[in-house]
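Note sheet for the following structure.
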Amino acid sequence: MNVLLGLGGTDESIQALEATIDRASAVGDELVVAILDKADAPRSPAEMRSETAATLEAAGFDADIRELEGDPGPALVDLAEREGFDHVVIGGGTETPMGKIRLGPITEFVLLNASMPVTLIR
106 MNVLLGLGGT
116 DESIQALEAT
126 IDRASAVGDE
136 LVVAILDKAD
146 APRSPAEMRS
156 ETAATLEAAG
166 FDADIRELEG
176 DPGPALVDLA
186 EREGFDHVVI
196 GGGTETPMGK
206 IRLGPITEFV
216 LLNASMPVTL
226 IR
C-alpha cells in the first residue's frame with residue numbers, strides 16, 4: 106500500500122511516525138512523510154525533518170520526506186489525491202474531561218475531506 110503520513114510538529118506526530126514506520130515495516134507499505142507547516146507547533150518544519158530523518162534511519166526504513174507549504178489540511182489532502190495515495194495517516198486528537206475525542210482543525214479537515222481511508226493515531 107502507498108501511505109502518506111502527515112506530521113505537524115507535535116508529540117502526537119512523533120507517535121504517528123513511529124507507529125506508521127512499525128506498520129509499514131511489518132507489511133511492506135511504501136511511505137511518504139509530509140511535513141506540514143503548522144505555525145503553533147512546538148517543532149519547526151526543519152526540526153521535524155531532522156527528527157523524522159533520524160527516526161527513519163534508526164528504524165532502518167527508507168521513506169521520502171517532503172515539506173508542504175500553505176494551509177496544512179488542504180495541502181495534505183491535495184497531495185494525497187493528486188498522487189493517488191491509498192491511505193493517509195495523521196496524528197492528533199486529545200481527550201475532553203468527559204473522555205470524548207477533540208480534533209484540531211487540520212485533523213478534522215483531513216478526516217472530512219480525504220477520499221481515501223484515513224487513520225488517526227493518538
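Under our numbering, think of the first position of the sequence shown as 106, with each following residue one higher.
All C-beta atoms, glycine included, are put in the ideal place defined by N, C-alpha and C.
From a predicted model like this one, the values you see are computed outputs, not experimental measurements.
Same chain, Cβ closer than 7 angstroms to residue i, five either side skipped, listed in chain order
i, result
"L184", "L109, A139, L173"
Neighbour-count burial assignment, residue i, 16 or more Cβ in a 10 Å radius
i, result
"A159", "exposed"
"A129", "buried"
"G133", "exposed"
"A219", "buried"
"G204", "exposed"
"G175", "exposed"
"S118", "buried"
Proximity to residue i [Cα-Cα], best of the options
i, options, result
"T91", "D176, E123, L216", "Beyond the ends of the chain as shown, which are 106 and 227, falls residue 91; an answer cannot be given."
"L216", "T115, D169, P177, A131", "P177"
"A168", "E200, G197, G111", "G111"
"G165", "D142, M203, I126", "I126"
"M153", "V182, E135, A131, A121", "A121"
"M92", "I195, I119, A131, G209", "Outside the shown range of the chain (106 to 227) lies residue 92, about which nothing can therefore be said."
"V194", "A144, L225, K143, G114", "L225"
"E135", "L161, K143, A144, D145", "L161"
"L141", "G113, F214, H192", "G113"
Cα-Cα separation, residue i to residue j
i, j, result
"P222", "P150", "25 angstroms"
"F190", "G198", "23 angstroms"
"V212", "A180", "First, the residue type needs correcting, since residue 212 is Thr and not Val in the sequence shown. Computed Cα separation, rounded: 12 angstroms."
For residue i, the first and last residue of its enclosing alpha helix (DSSP H)
i, result
"A163", "150-164"
"T224", "No alpha helix (DSSP H) holds T224; the beta strand (DSSP E) holding it covers 223-226."
Spatial neighbours of residue i in its chain, beta-carbon cut-off 8 angstroms, leaving aside the 5 residues before and after
i, result
"D116", "P147"
"T201", "R207"
"R171", "V137, V138, A139, I140, L184"
Residue i, enclosing beta strand (DSSP E) - first and last residue
i, result
"E135", "135-141"
"E172", "169-173"
"L112", "107-112"
Close beta carbons around residue i, own chain, < 6 angstroms, minus the five adjacent residues each side
i, result
"F214", "G178"
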